[in-house]
Structure formats: structure tokens, C-alpha cells
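Here's the structure we're looking at; comments come further down.
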Amino acid sequence: MESQNQTNRSVYRNISPLDHRYYLSNREAFDELAGYLSEDAGIRYLLRVEMALLKTHLAYRDGQVSLPDIENTVSPDEVYAEEEKTQHNIRALVNVMKRNLPENLRNLVHAGATSADILDTANSLRIREAVRKVVLPRLAELLRLLADFTEKYAETPQVGRTHGQHAVPITVGYWMAEFTARLGKSFEEIDRLSKNLRGKLSGAVGAYNATSLMVKDPREFEKTFCGYLGIEPSEYSHQLVEPEYLLRLLLEINTAFGIIANLADDLRNLQRSEISEIREHFGAAQVGSSTMPQKRNPWNSEHVKSLWKAFSPRVMSFYMDQISEHQRDLTNSASSRFVPEYIAGFLAAVCRITGVVKSLNIDTENLNRNLVAGGDMVLAEAAYILLARAGETEGHEKIRLATLAAERGRTTLREELKKDPAVWSSIEQSLASSTGLKAETFFSKPELYRGLAPEKARLLAGKYKRIAENFQEEL
118 MESQNQTNRS
128 VYRNISPLDH
138 RYYLSNREAF
148 DELAGYLSED
158 AGIRYLLRVE
168 MALLKTHLAY
178 RDGQVSLPDI
188 ENTVSPDEVY
198 AEEEKTQHNI
208 RALVNVMKRN
218 LPENLRNLVH
228 AGATSADILD
238 TANSLRIREA
248 VRKVVLPRLA
258 ELLRLLADFT
268 EKYAETPQVG
278 RTHGQHAVPI
288 TVGYWMAEFT
298 ARLGKSFEEI
308 DRLSKNLRGK
318 LSGAVGAYNA
328 TSLMVKDPRE
338 FEKTFCGYLG
348 IEPSEYSHQL
358 VEPEYLLRLL
368 LEINTAFGII
378 ANLADDLRNL
388 QRSEISEIRE
398 HFGAAQVGSS
408 TMPQKRNPWN
418 SEHVKSLWKA
428 FSPRVMSFYM
438 DQISEHQRDL
448 TNSASSRFVP
458 EYIAGFLAAV
468 CRITGVVKSL
478 NIDTENLNRN
488 LVAGGDMVLA
498 EAAYILLARA
508 GETEGHEKIR
518 LATLAAERGR
528 TTLREELKKD
538 PAVWSSIEQS
548 LASSTGLKAE
558 TFFSKPELYR
568 GLAPEKARLL
578 AGKYKRIAEN
588 FQEEL
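What follows is the structure, given as C-alpha cells:
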């Protein structure tokens, strides 16, 4: 069999873009991830689980454990070569292990286990550790950056937008607080769910048939085995661990993926020529178009959304892997092998959006230009509320008609309101009693109508910054 260690193989000979384009742009992160989710890592985790089983047998048989270190002597090449003969991956690993262990231990290798005991437990371990040691630290960094941005621009005025239209004023920090809060909650869920992945040692149908012939308490034997690996047993298992432990984690990762894609989409739109309020970094030697030299495309933000489009639909496979006929079938065998690719795709998006957030530039002139582009129309809601507060039952209709008149006559809302002295007087009195502001000042400075945007932004920034920093300190 041809060696798997093709050290001279060019990355450009790989088929998956994860293995050339995205690897080269995320080399450090992907190299770390490979320590848990590569094929080499997969075999080493299987070996680790088999050795934990052997350790459990020795603890029960001899009351003490003395095992040779074979984790560095069993190679993926050797296991794959053996699998060419056995046509069974776990049996191949077992055969290789036996060749590397003393004669008096060989009878205990894999004893009482079915392949899925080893596979599912190893898979839970490596996904848990990949998420906790590679993905979550980078997600924590992103969360901290979002919180810092939220706090820094908590007071910076921005026009709010709904349905693509100017709504009422907010602040830039409040806009980003949305993504800080949403990603923060998802971060906490990924943290929690990753800790809850499970293992098993309950045999071919999950009823402990084999281990019942070997020990008095098979469930305690399973707990000891899982304890050596630092993982809890699945509450119920047939030949497989209950799929929902992993499913819930992957679905929450997909939730975080969607939040990141939503942020990227907002950033892309805020970089439109006619808006141009925020811009991602564009290098001095960077080219935006092969034919239009002036282009400064928001390609990093677009790239994140595109990754989400490519990977998010894979949740359908995750759902379909819930179903296994009776005590087990093999219909998840191929599909489940692509879970590492999904995690790698998510990690690539996290790394890319992190770079975008680090490089963001705010254009305060354009922010102000857009805020006042419609004059004082963004204060129509305020005028209506002030009238209602003053006791006017038809306040909304009166303000609606005033906005139409302002549009037709190309005047300001304030000018139209002043044409009705009673309406303007009610607004002045209501505003003075609620805010202490003069109506002339209020209608000439739309940024004053911002509610609790700065306070809420700072509150959320502080909360999720602490969560991110606490996680980083615990590493």
C-alpha cells in the first residue's frame, strides 16, 4: 500500500479547497485542528480509547495498571496497511496493537467492546477537544473584539435601518451589540454542549451482553473506562451513542455560523458606495477588480457569507444521522466522516471575520451624512409619541400627513409641524417635560433621539467581554 505520508505532495494536488486555499490562509488554526480531526489524529484517538479499555481490564484483573507506551509506535500507515487485509478499520487497529503489546496482554485488547464503542467514544473525545481547544478560543477572541467595538462606539450616532429604509437613530455600538449578544449566547451554548459529548462501552446492542460475561457490574466497568478518558457514558446506547449529544453541538455551531454570516452581510451592506459608513481594511497592494482599478470590494465579508452558504446546509446530514434502524445500521458511516470538514469550514469563517473586525474603519462623516440625509424625517416617530403623550388621539395620522407634506414641498418635518401652532406647542411642552430639551434643538439634532442605545451597548459589551475573558483565563 502506498504510504500516507506523502511529504513531497503539493497542497495544490488536494481536491478539497479546505486542504489548499483555506489551509494556506488559516495555516496555524488548521494545523491545530489537524491534531484532533485529521485521519492521523483519528487513529491516535482510537488507540487512546482501546488503551483505556485495556487499562480498565488490568485494573479489574490485577488491581493495578502497568502498560507499555505504544501510542508513538503504532502508525497510521501500519493500521491502513492492515486494513487492506481485514477490510475493517477497528480490527486492523486491534491486530496492530497486539503486535506491539506483550503476549500476556493481547487477549484483553478490545475484549468486551464492539467497534462503535471505540469509534463513538473516540469521536466524542476528539470533537470535544477540537472545539474546546481550537474553536472556542478563537470564538472567544472574536467575542471580545465585538465587545470592545461595541463599547468603543457606544456613543457614535448612526441611522437605524429596517426593510432597507432609514428608521430612527441608534449608535454604531448599539448596532454591533446585536452581534455581541447573539454570538455571546451561542458561545456559552457551544461551551456547555461540547462538555456533554458522551462515550460508551455497552457492546453490540448496548445491553452489556459481552461485558456481563466478564465483570459483575458492567455499568460500573463502563464508568471506569470512560473515567480514564474524562468522559461520561451515554445515558442510553444501542450499538451507538445517542446521536443528539453531537447533533445539538453541531446545530449550535451552525447557529453561531449564521450569526457570523449575518454580521458579515451587514458589514458588506454598510460598505456600499452609497452608504460607506464602515470599511474593512484594504491593503496597499490589494486589487479589487481585474478591470476596474478603483474598486475596494468588501470581499472578506462576502467570503464569510459564502462559507456559510457552503457549510450551513450540511445540517441536513446531521439530522439524517439521527436515524439508525433498530440497534444500528451503517448509513451514517460516510456522512459522519465529513463532520470535521464542517468544523474546519466554521473555523475558517471565524478566523476571517475576526480579521475583518480587527481592521474595521469607521467613517463618522458618512455616518452623520446618512443620519441627516432625510432631514428630520427620522424624528417622525418621536413627534407622534410626543403628541400622544400630550393627549392627542390622532397623533400618528397628523404626523403621517406632515411627512407627506414635507416630501411634496421638499421642506422639513419641523417646518410642516410649525404650520399648526397647536401641534407644535403640544410637542414643545411634551418634550420639555420628558427630556428638558427645546424642540428647536431636538429637531435639528436627530442624534439626540437615541433612547438607551449607548447604555444598552455598554451593558452588553461588559457582560460578554467578561464571558470571553473568563474563558480565555481558564485555558
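For the sequence shown, the numbering used here puts the final residue at 592, and the numbers step up evenly by one. All C-beta atoms in this analysis are idealised placements derived from N, C-alpha and C, irrespective of residue type, glycine included. Just so we're clear, the structure is a prediction, and the values are computed from it rather than from any experiment.
- Inter-residue distance for residue 183 and residue 458 is about 37 Å (C-alpha atoms, whole angstroms).
- Nearest neighbour of residue 236 by Cα position, chosen from 199, 319, 180 and 286, turns out to be 319.
- Annotation for residue 227: 211 place their beta carbon closer than 6 Å to its own, counting only its chain and skipping 5 residues before and after.
- Residue 181 counts as exposed, since fewer than 16 other C-beta atoms from the protein chains shown sit within 10 angstroms of its C-beta.
- Going by beta carbons, residue 484 and residue 543 fall outside the 8 Å limit.
- According to the DSSP assignment, residue 328 belongs to the alpha helix (DSSP H) that extends over 326 to 329.
- Considering only 290, 347 and 300, the residue with the shortest C-alpha distance to residue 314 is 347.
- In this structure, the CA atom of residue 341 is about 7 Å from the CA atom of residue 173.
- By the neighbour-count criterion, in which a residue is buried when 16 or more other Cβ atoms sit within 10 angstroms of its Cβ, residue 358 is buried.
- In terms of CA proximity to residue 590, 258 leads the group 296, 507, 258 and 285.
- With 16 or more other Cβ atoms from the protein chains shown falling within 10 Å of its own Cβ, residue 370 counts as buried.
- When secondary structure is reduced to three states using DSSP, residue 288 falls in the strand class.
- In the displayed model, residue 478 falls within a strand according to three-state DSSP.
- Exposure of residue 398 is indicated by the presence of fewer than 16 other C-beta atoms within 10 angstroms of its C-beta.
- By the 16-neighbour rule on beta-carbons within 10 angstroms, residue 293 is buried.
- Apart from the 5 residues on each side of it in sequence, residue 464 sits with its Cβ closer than 8 Å to the Cβ of 143, 146, 147, 150, 251, 252 and 255 in its chain, given in chain order.
- The C-beta distance from residue 213 to residue 199 rounds to 5 Å, short enough to fall under 8 Å.
- A direct Cα-Cα distance of roughly 35 Å separates residue 387 from residue 592.
- Look at the beta carbons and you see the stretch 563 to 572 touching the stretch 489 to 496: at least three pairs across the two are nearer than 8 Å.
- By the Cβ-count criterion, residue 128 is exposed, with fewer than 16 other Cβ atoms from all chains shown falling within 10 Å of its own Cβ.
- For residue 372, no beta strand (DSSP E) run applies; the uninterrupted alpha helix (DSSP H) run containing it begins and ends at 361 to 387, by DSSP.
- For residue 263, the closest of 474, 337, 243 and 308 by C-alpha to C-alpha distance is 474.
- For a cut-off of 8 Å, the C-beta gap from residue 343 to residue 316 is around 5 Å, short enough to register as a contact.
- For residue 174, the secondary structure class from DSSP, reduced to helix, strand or coil, is helix.
- Excluding the 5 residues flanking it on each side, residue 585 has same chain C-beta neighbours closer than 7 Å at 257, 260, 261 and 264, in chain order.
- Taking 8 Å as the cut-off, the beta carbon of residue 231 is found closer than this to the beta carbon of residue 321.
- Taking 8 Å as the cut-off, the Cβ atoms of residue 332 and residue 177 count as close.
- Classified as exposed, residue 280 has fewer than 16 neighbouring CB atoms from the shown chains inside 10 Å of its CB.
- Residue 376 and residue 299 do touch by the CB rule: their CB atoms are close to 5 Å apart, below 8 Å.
- In the DSSP assignment, residue 571 falls within the unbroken alpha helix (DSSP H) covering 570 to 591.
- Straight through space, the alpha carbons of residue 207 and residue 336 are spaced by roughly 23 Å.
- Out of 282, 296, 432 and 363, the CA that lies nearest to the CA of residue 308 is found in 363.
- In this model, residue 305 and residue 170 are separated by some 32 Å (Cα to Cα).
- Restricting attention to alpha helix (DSSP H) runs no shorter than 4 residues, the stretch 419 to 460 encloses them at 432 to 437, ordered along the chain.
- Taking the C-beta atoms as reference points, residue 223 is found no nearer than 8 Å to residue 188.
- For residue 526, the enclosing alpha helix (DSSP H) starts and ends at 512 to 526.
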